[in-house]
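Undergrad:
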Amino acid sequence: MMTFKKISQFKQESKGASMVEFALILPLLLTVSLGIYETTNYIMLSAKVNEIASGLSSWIAAQTSTATITDCLVGANLMGANYNFSAKGGVVVSGLQQVGSTTAQKLVWQQASLGATSQITTSAITGQVTSSPFTLASASNLVVVEVTYNYQPTFSYFLGIFPSVKLLKYAQSVPTGSGGFNPLPAS
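Start counting the sequence shown at -8; every next residue gets the next number (our numbering).
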């Protein structure tokens, strides 16, 4: 009878209930909060990488020298300085030229930041574009900027639930101005 009375008193006691409820909810609350932080950070980074691609594309399309293209690649690092772009990102700038009156294009020149590789594949014989992970505007000369960034979530090492992501953003512009399409000098 004494045991039944103690169990009855224990059921009525509520002093530690809120602490137990908080301890049960805390992992979920932390996971949701960190998920919101990581999602916001990813969206802001994606927008910044897109901004770098579109800005460089339009600016490089108006350039005519190697020096200014190199300056643009340095500028990409400065634009993404808050995200350590120089260590985690890369830029590839490609000049595509229309082949005659066809819709085919060939790679005329390409310049990249250290360690960056293009996603555009070309024929080794003709230099014509064979595939690209994005749609290229056809029937025109183009400057294509590909920007990649290896996104490592802030809390991935802590929780292990947010995966690393490789962002690829691109932009393309039709070169402006007069003169030759190839801004790199002939070798």
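Using N, Cα and C, we set each Cβ at its ideal position, and we do this for glycine too.
Source: prediction; values computed, not measured.
According to DSSP, is K(-4) helix, strand or coil?
TA: K(-4): helix per DSSP, three-state reduction.
Undergrad: Could you pull the start and end residues of the alpha helix (DSSP H) that N41 belongs to?
TA: Taken as a continuous stretch (DSSP letters only), the alpha helix (DSSP H) holding N41 covers A8 to I51.
Undergrad: What are the boundary residues of the beta strand (DSSP E) that S164 is part of?
TA: V156 to S164 is the extent of the beta strand (DSSP E) around S164.
Undergrad: Does the separation of the CB atoms of V84 and V136 fall below 8 angstroms?
TA: Cβ distance < 8 angstroms, so V84 and V136 count as in contact.
Undergrad: Roughly how many angstroms separate the alpha carbons of A115 and L159, rounded to a whole number?
TA: A115 and L159: Cα-Cα distance of roughly 24 angstroms.
Undergrad: Quick one: using the 10 Å Cβ neighbour count with 16 as the cut-off for buried, is S155 buried or exposed?
TA: By the 10 Å Cβ count, S155 comes out exposed.
Undergrad: Buried or exposed: where does G7 fall if 16 or more other Cβ atoms within 10 Å of its Cβ makes it buried?
TA: Classification for G7: exposed.
Undergrad: When you compare each of E12, E42, T94 and Q88 to L69 by their alpha carbons, which one comes out closest?
TA: Checked all of E12, E42, T94 and Q88; the closest Cα to L69 is E42.
Undergrad: Does the beta-carbon distance from T112 to S122 come in below 8 angstroms?
TA: Their beta carbons are under 8 angstroms apart, which means T112 touches S122 by this criterion.
Undergrad: Just to confirm, is the Cβ distance from L64 to V82 under 8 angstroms?
TA: Cβ distance < 8 angstroms, so L64 and V82 count as in contact.
Undergrad: Indicate the three-state DSSP secondary structure (helix, strand or coil) for T108 in the structure shown.
TA: In the structure shown, T108 sits in coil (DSSP, three-state: anything other than H, G, I, E or B).
Undergrad: How would you call S104, buried or exposed, if buried means at least 16 neighbouring beta carbons within 10 angstroms?
TA: The residue is buried, with at least 16 neighbouring Cβ atoms inside 10 Å.
Undergrad: Report the partner residues of T139 according to the DSSP bridge assignment.
TA: Bridge partners of T139: G81 and L159.
Undergrad: Would you mind stating whether Q89 and N132 have Cβ atoms separated by less than 8 angstroms?
TA: Going by C-beta atoms, Q89 is nearer than 8 angstroms to N132.
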